[in-house]
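Participant: Structure below; questions to follow.
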Amino acid sequence: MHKILALPGDGIGNEVMNSALDVLDFLKTRNDLSIDISIEPIGGASYDLNGTPISESVLAKAKDSDAVLFGAVGGPKWDSLEWENRPEHALLTLRKELDLFANLRPAFLFDELLNASNIKPDVIKGFDIMIVRELTSGLYFGEPRGINLDQNPPNAFNTMYYDEDQIKRISKIAFELALKRTKKVCSVDKANVLEVSKFWRNVVAEVHSSDFEVCELSNMLADNAAMQLILNPNQFDVVLASNLFGDILSDIAATLTGSIGMLPSASLNDSLKGMYEPCHGSAPDIAGKGIANPIAMILSLAMALRYSLNFDELASQIEVAIKKYITAGFRTKDISIDGKFLTTNETTEKIISFLNE
Ligand code: NAD
């Protein structure tokens, strides 16, 4: 029996989660799958109910699940709360407590949506990359850190720290993914100025030469990588990056594809348990209107089935159904160019009907 915990969250998190759960219910019934699904509040919804963005019992359930599906959290209603009670705090708590060190962010563009990208069609056509970002160390977690307003001059500082094990485990994930794709990994750093990047580059090279020589490894400085993603995005396949550089590069890559409503993500730990979420937020501007694009959330479900539940075939079927939806000319509002679009529910029904073909 597999266990999936669904955390819809706030705003459109609820709407897109309903879509993913409809798809999961359909697959569960059709394939007679043994999956136990529970649904719990998170973020602002949890704060309103329990006075905390993530309760101890939800955290315990997350630790006990094979996969956590996460919708989105946040919204103006909770913006003035102190950090511990802010909806976004739940997300960081889950990442830390489940040791979700590997953030996988695929970014790809359907040919039919070429015009939705800001990049010229001949440059972006065929775009399909996987950014592997280290998620639980590096500059965002390094100690010491602080702000000294009482010193002269007032100052602030952070620490970019990586140890060998942290780099090794994220590198292995990148190479293993590359083996299933075109066997190309580009590791991004700032080895020209940062000691931690020089060390990063050496450890990645070591992992490459000891276990993954069949893959092609290249290194690129982060500033050049940002430029190359725009100039010649198709030179990349798997991009391996630290927490800071991966954060920036994955947003650039997402933007290239036209709509944030299309892109899923996975965050995995050592035992390949994971949390799966769309790249977008709770979109308060469209929440409740029934027009959210559910594809990022449904593709996040596909990643959960592939990486944490080992149902690779079902994941591929979902991806094919979404491709059919796009090829048949159906669009949600965010990717429509002629003003015609389907609602969130209509889109979900169409995708399920393509799954049923
Ligand atoms: P957002 O991603 O929620 O929205 C940005 C824009 O994209 C909006 O115009 C929105 O309507 C549109 N959009 C996003 N997802 C869409 C979808 N599925 N279909 C159609 N359009 C979509 O980012 P934001 O506006 O900066 O943040 C809103 C709230 O979400 C904030 O409270 C923020 O803190 C939170 N947030 C949460 C997460 C998360 O839960 N992982 C991530 C980012 C932002």
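If you're matching positions, the sequence shown starts at 3 in my numbering and goes up one per residue.
For each residue, glycine too, the CB sits at the ideal point set by N, CA and C.
Computed from a prediction, not measured in an experiment: that's the story for all the values here.
Could you pull out every unbroken beta strand (DSSP E) segment of at least 3 residues lying fully inside the stretch 45-104, listed in chain order?
Facilitator: Segments of the beta strand (DSSP E) lying fully in the stretch 45-104: 69-74.
Participant: Note down the Cα distance separating residue 2 from residue 232, rounded to an integer number of angstroms.
Facilitator: With the chain running from 3 to 359 in the structure shown, residue 2 is simply not present.
Participant: Taking the alpha helix (DSSP H) that residue 246 belongs to, which residues open and close that run?
Facilitator: Residue numbering aside, residue 246 sits at position 244 when the sequence shown is read from its first letter. Element bounds for residue 246: 245-258.
Participant: Tell me whether residue 238 is buried or exposed, calling it buried when 16 or more other Cβ atoms sit within 10 Å of its Cβ.
Facilitator: Working through the sequence shown from its first residue, we reach residue 238 at position 236. By the neighbour-count rule (16 or more Cβ atoms within 10 Å), residue 238 is buried.
Participant: Considering only heavy atoms of the ligand NAD, does any lie closer than 8 Å to the CB of residue 261?
Facilitator: One-based indexing of the sequence shown puts residue 261 at position 259. It does: the Cβ of residue 261 is within 8 Å (strictly closer) of some heavy atom of the ligand NAD.
Participant: So for residue 294, helix, strand or coil by DSSP?
Facilitator: By 1-based counting over the sequence shown, the position of residue 294 is 292. Residue 294 falls in the coil class under three-state DSSP.
Participant: So, with DSSP's three-state summary, where would you put residue 178?
Facilitator: Mapped onto the sequence shown, residue 178 falls at position 176. Reduced to three states, the DSSP call for residue 178 is helix.
Participant: Relative to the C-alpha of residue 202, which residue among 212, 191, 67, 263 is closest?
Facilitator: In the sequence shown, residue 202 corresponds to position 200, counting from 1. Checking every option, the nearest Cα to that of residue 202 belongs to 191.
Participant: In this structure, how does DSSP classify residue 30 when only helix, strand and coil are distinguished?
Facilitator: Within the sequence shown, numbered from 1, the residue matching residue 30 stands at position 28. Note: residue 30 maps to helix in three-state DSSP.
Participant: I want to know whether the stretch 293-303 touches the stretch 12-25 - three or more CB-CB distances under 8 Å.
Facilitator: Short answer: they touch.
Participant: Less than 8 Å separating the Cβ of residue 155 from some heavy atom of the ligand NAD?
Facilitator: Position 153 of the sequence shown holds residue 155. For the ligand NAD, not one heavy atom lies less than 8 Å from the Cβ of residue 155.
Participant: What does the alpha-carbon distance come out to for the pair residue 132 and residue 147?
Facilitator: Within the sequence shown, numbered from 1, the residue matching residue 132 stands at position 130. Within the sequence shown, numbered from 1, the residue matching residue 147 stands at position 145. C-alpha separation (whole angstroms): 31 Å.
Participant: If you draw a straight line from the C-alpha of residue 64 to the C-alpha of residue 167, how long is it?
Facilitator: Walking along the sequence shown from the start, residue 64 turns up at place 62. Walking along the sequence shown from the start, residue 167 turns up at place 165. C-alpha separation (whole angstroms): 25 Å.
Participant: When you measure from the CB of residue 296 to every non-hydrogen atom of the ligand NAD, does any distance come out below 8 Å?
Facilitator: Taking the first residue of the sequence shown as 1, we reach residue 296 at position 294. Indeed, a heavy atom of the ligand NAD lies less than 8 Å from the Cβ.
Participant: What's the gap between the Cα of residue 58 and the Cα of residue 290?
Facilitator: Along the sequence shown, read from residue 1 onward, the residue named residue 58 stands at position 56. Along the sequence shown, read from residue 1 onward, the residue named residue 290 stands at position 288. Cα to Cα, residue 58 sits roughly 29 Å from residue 290.
Participant: To the nearest angstrom, how far is it from the Cα of residue 68 to the Cα of residue 27?
Facilitator: Walking along the sequence shown from the start, residue 68 turns up at place 66. Walking along the sequence shown from the start, residue 27 turns up at place 25. Approximately 17 Å, taken between the alpha carbons.
Participant: Is it a yes or a no for the stretch 74-94 touching the stretch 240-260, going by three-plus beta-carbon pairs under 8 Å?
Facilitator: They do not touch, by the three-pair rule.
Participant: Roughly how many whole angstroms lie between the Cα atoms of residue 125 and residue 114?
Facilitator: Within the sequence shown, residue 125 is the residue found at index 123, counting from 1. Within the sequence shown, residue 114 is the residue found at index 112, counting from 1. About 15 Å.
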